[in-house]
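Using the numbering used here, read the sequence shown as starting at 4 and increasing by one per residue.
By construction, the Cβ of each residue, glycine as well, lies at the ideal position given by its N, Cα and C atoms.
Here the structure is a predicted model, which means the values were calculated and not measured.
Heads up: the structure comes next, in C-alpha cells.
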Amino acid sequence: MRFLVADDHELIRQAVKSLLRKIDPEAQFDEADNWDTLAAAARPEANHDLAIVDLHMSGMASASSLTALLKANPALPLVVLSAEESVDEMRAVLAAGALGFVPKREPANVMLKAIELVLSGGAYVPIEALSLIGAAPPNPARSTAAERARPLTSLPAASLAPHHLHLMENLSPRQRQIMRLVHSGCTNKMIARELQVAEGTVKVHLSVIFRALGVHNRSSAIAIINGWLQGGRPL
C-alpha cells in the first residue's frame, strides 16, 4: 500500500510510518512537512491508499486547505491528525471531506484502529465529537479508556456522504488493476506475482475494495463488476 504522511515534525512522521507498517510491512510512503509539499505530493496519479495529515503545518489554512486538497484529488481517503480538538474544527474537517479525526494525544492502538477503520471504508471521530451527530457530548473526565478507543463507524450523510460515496463508486487505478485480475480468475498469489507485491498487500487491498463495494467476498465483488461492465462502464 502507499501512504502519504504529512506532519511538520519528523518524529511524528516516523511514528505514524511505523504504525502503518503494522498494517502493511511493505508499505511505501510519501512525506510532507508543510502545505506546499503536501499539495505537491497529494496528486491523483500518486495513487495513495490513505493520507494522514496534520492540520496545522506551515502554510495550512485549517479545514479550507483540506477542501482545496480534496477538490484536486477527491478520491483521496484522508485522516486528520491534530493536537487541536475543538468541536468546531472537527466539524469543519469532516465537512471538508476527511474520513477521520484523530487527536495526537490518543494512544497508538486507538490511532491504528482509526486508520484500519478508514481503510476499510468507515469513518472515525473521537468520542468527544459525538455531539456532531446529535448525541450529548460525554464528560471527558468520566470517559473510560474503552470508551475513548471505541470507533464511530458511521456518520450522518450530510457530513460524509459525497466523499464516502465517491470512494465506493470509484475504485483507484490500483484497485481497478487488482479487480481486473480478480475478474479474470487470478488468485491472490497470482495477483501478487503479476503486480510484484507481497501477497499480504493484495489481501489488504482486497479487504478495502470489498468494504468500499459493500460486499464480503470475491464472488459478490465480481457480480458488481459484471454489472458495471454490462452497463458499458470501463474497469
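So what's residue i in DSSP terms, helix, strand or just coil?
i, result
"Val-128", "coil"
"Gly-203", "helix"
"Ala-35", "strand"
"Arg-5", "strand"
"Leu-58", "coil"
"Leu-79", "coil"
"Ser-65", "coil"
"Pro-47", "helix"
"Leu-102", "coil"
"Ser-85", "strand"
Between the C-alpha atoms of residue i and residue j, what's the straight-line distance to the nearest angstrom?
i, j, result
"Ala-99", "Ala-44", "19 Å"
"His-186", "Asn-50", "21 Å"
"Asp-57", "Asp-11", "8 Å"
"Leu-69", "Met-93", "12 Å"
Quick one: is residue i buried, meaning 16 or more other Cβ sit within 10 Å of its Cβ, or exposed?
i, result
"Ala-9", "buried"
"Gly-62", "exposed"
"Asp-91", "exposed"
"Arg-196", "exposed"
"Ser-89", "exposed"
"Ala-103", "The sequence shown places Gly at residue 103, rather than the Ala named in the question. Under this definition Gly-103 is a buried residue."
"Asp-39", "exposed"
"Thr-147", "Reliability fails at Thr-147, whose pLDDT of 40 lies under 50, so the model's placement of it is uncertain and no value is given."
If I'm right that residue i touches residue j with Cβ under 8 Å, what's the distance once you round it to whole angstroms?
i, j, result
"Asn-220", "Val-205", "Their Cβ separation, rounded to whole angstroms, is 15 Å, which puts Asn-220 and Val-205 out of contact at 8 Å."
"Ile-227", "His-208", "Actually they are not in contact, since the Cβ atoms of Ile-227 and His-208 sit about 16 Å apart, beyond 8 Å."
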